[in-house]
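Residue numbers (our numbering): 21 to 388. A quick write-up on the structure given underneath.
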């Protein structure tokens, strides 16, 4: 005899309406407890108070086009995008000759293309190394000129976004193999090698990047013969790469320490040499484990390129600051810094999302 609590056989029970669709999502994610409900209401209140004024300032009341600074200072005027219309070329390319701006623009496009190409795992290896070596050679050829009919442009006139990308990308490309060598050396069984690597890592990590840049820019020439000079940009590049390598080496060392001892023993049982064992078994696994901290270092170092302003290099931050010194356009700091913030965010967000995808892709075999 069926129970009085059982539904008839021909009746299909539907889940509660409150647990389905948008309403169910809201209940499960935003209003599932009293603390979450309070935080949700506070977030809604904050959005209502902040978003409309920002929208009015940035869109509705904004001054656009080729208008003068006087129009931006009129009562009720919002964001002065006319400032960017006037100064965007200087912010992006600095003191580079205006009639040659196509060259740094092409450099930016080339570097971005190489970064996108590097995301294809099928090219990882010697092919990617050849692409980067060729690409960086073309980058410096375009920026400097002097051959193939391109006018020569001294690197003291380089600036803006191309210089920021060159400093960060070249520093990372040079610093990565140094970091791997330091991480391996710190775990070496040779006391002298281990001591040298530990000393270098701790020394560089113990001082701020500004000190390293000052040392590279000011102190290195003092130790060179009088008739030997090293370009300031090259000195900054070397200091930046060494600083980056010290921090990245510690992240890689963490990955090496996470490899089970059995992996080393299995490689030894196969008769592999140290370099075969390291390059084919240990290092690939270690790098896979530390993708997140490595990308954190990449993002941090990319943003730290703004510190080269201390030694007078016209990176993106420096060109924006210099553009604001124009007496006709004084005071429009929000527009200038918002513009370069969007650029920095775009590159950092790309690196962050790619690292998340790469982690999921490389750890597919470990999912349960």
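Ideal Cβ placement from N, Cα and C applies to all residues, glycine included.
Where the alpha helix (DSSP H) containing residue 233 begins and where it ends: As a first step, residue 233 must be located in the chain shown, where it is residue number 213. Here the alpha helix (DSSP H) through residue 233 covers 229 to 234.
Beta-carbon within less than 7 Å of residue 388's beta-carbon, same chain only, minus the 5 sequence neighbours each way: which residues are those? As a position in the chain shown, residue 388 is number 368, starting the count at 1. Any reading at residue 388 must be qualified, since the residue scores a pLDDT of 45, below 50, and its modelled position is unreliable; the value itself is stated next. Closer than 7 Å at Cβ, skipping near neighbours: no residue.
Could you give the C-beta distance for residue 236 and residue 191, rounded to a whole number, given that I count them as a contact under 8 Å? For the purposes of this step, residue 236 is taken as residue 216 along the chain shown, with counting starting at 1. For the purposes of this step, residue 191 is taken as residue 171 along the chain shown, with counting starting at 1. No, residue 236 and residue 191 are not in contact; Cβ-Cβ is about 12 Å, not under 8 Å.
Compute the Euclidean distance between the alpha carbons of residue 354 and residue 362, then round it to the nearest angstrom. The sequence position of residue 354 within the chain shown is 334, counting from 1. The sequence position of residue 362 within the chain shown is 342, counting from 1. Distance between the alpha carbons of residue 354 and residue 362 is about 12 Å.
Taking C-alpha atoms, which residue in 60, 73, 352 lies nearest to residue 50? Along the chain shown, one-based indexing puts residue 50 at 30. The candidate whose alpha carbon is nearest that of residue 50 is 60.
Using C-beta distances below 7 Å, list every residue in its chain close to residue 130, excluding the 5 sequence neighbours before and after it, in chain order. To locate residue 130, count along the chain shown from 1; it is residue 110. So the qualifying residues of the chain are 155, 158, 159.
Based on the DSSP output, what are the partners of residue 71 in its beta bridges? For the purposes of this step, residue 71 is taken as residue 51 along the chain shown, with counting starting at 1. Per DSSP, none; premise fails for residue 71.
Contacts around residue 378, its chain only, beta-carbon distance under 7 Å, and the 5 residues preceding and following it disregarded: For the purposes of this step, residue 378 is taken as residue 358 along the chain shown, with counting starting at 1. Contacts found: 311.
How long is the line joining the alpha carbons of residue 280 and residue 134, rounded to whole angstroms? Looking up residue 280 in the chain shown gives position 260. Looking up residue 134 in the chain shown gives position 114. Near 35 Å, if we compare the C-alpha coordinates of residue 134 and residue 280.
Buried versus exposed call for residue 293 [16 or more other C-beta atoms within 10 Å across all chains shown]: On the chain shown, position 273 is the one that residue 293 refers to. By the 10 Å Cβ count, residue 293 comes out exposed.
What does the Cβ neighbour count give for residue 295, buried or exposed, with the cut at 16 atoms within 10 Å? Residue numbering aside, residue 295 sits at position 275 when the chain shown is read from its first letter. Exposed, because fewer than 16 other Cβ atoms sit within 10 Å of the Cβ of residue 295.
Could you give the DSSP three-state label for residue 132: helix, strand or coil? Counted from its first residue, the chain shown places residue 132 at position 112. Residue state, collapsed to three classes: helix.
Three-state class that DSSP yields for residue 159 in the structure shown: Here residue 159 is taken as the residue at index 139 of the chain shown, counted from 1. Three-state result, residue 159: helix.
Can you list, in chain order, the residues of its chain with a C-beta nearer than 8 Å to that of residue 148? Leave out the 5 residues immediately preceding and following it. Locating residue 148 in the chain shown gives position 128, where the first residue counts as 1. The residues are 137, 138.
For residue 168, count neighbouring Cβ atoms within 10 angstroms of its own Cβ and tell me buried if that reaches 16, exposed if not. Taking the chain shown and counting its residues from 1, the one referred to as residue 168 is at position 148. Label assigned to residue 168: exposed.
Would you call the region 185 to 202 in contact with the region 266 to 280, where contact means no fewer than 3 C-beta pairs closer than 8 Å? yes
So is residue 282 buried or exposed if we call it buried at 16+ other beta carbons inside 10 Å? To locate residue 282, count along the chain shown from 1; it is residue 262. Exposed, by the Cβ-count rule.
Rounded C-alpha distance that separates residue 275 from residue 208: Within the chain shown, the letter at position 255 stands for residue 275. Within the chain shown, the letter at position 188 stands for residue 208. Cα to Cα, residue 275 sits roughly 15 Å from residue 208.
Counting Cβ pairs, one atom from each stretch, are 3 or more of them under 8 Å apart for the region 111 to 129 and the region 179 to 191? yes
Which residues mark the beginning and the end of the alpha helix (DSSP H) in which residue 328 is found? Residue mapping note: residue 328 aligns to position 308 of the chain shown, counting from 1. Note, residue 328: premise wrong, no alpha helix (DSSP H); not H, not E.
Complete runs of the alpha helix (DSSP H) confined to the region 263 to 311 [at least 4 residues]: 281 to 289, 294 to 297, 303 to 309
In this structure, how does DSSP classify residue 137 when only helix, strand and coil are distinguished? Mapped onto the chain shown, residue 137 falls at position 117. In the structure shown, residue 137 sits in a helix (DSSP, three-state: H, G or I).
Just mark residue 116 as buried or exposed, buried being the case when its beta carbon has 16 or more other beta carbons within 10 Å. As a position in the chain shown, residue 116 is number 96, starting the count at 1. By the neighbour-count rule (16 or more Cβ atoms within 10 Å), residue 116 is buried.
Using 8 Å as the cut-off, can you tell me whether the region 316 to 336 makes contact with the region 97 to 104, which would need three or more C-beta pairs spanning the two stretches below that distance? no
With DSSP as the reference, please indicate the residues paired to residue 100 in a beta bridge. The residue you call residue 100 lines up with position 80 of the chain shown. DSSP lists 83 as partners of residue 100.
Per DSSP, which residues does residue 180 bridge with? Please list them. Translated into the one-based positions of the chain shown, residue 180 becomes position 160. Per DSSP, 335.
Leaving out five residues on either side along the sequence, give the residues of the same chain with a beta carbon under 8 Å from the beta carbon of residue 106. Taking the first residue of the chain shown as 1, we reach residue 106 at position 86. Counting only Cβ-Cβ distances below 8 Å, and skipping sequence neighbours, we find 86, 349.
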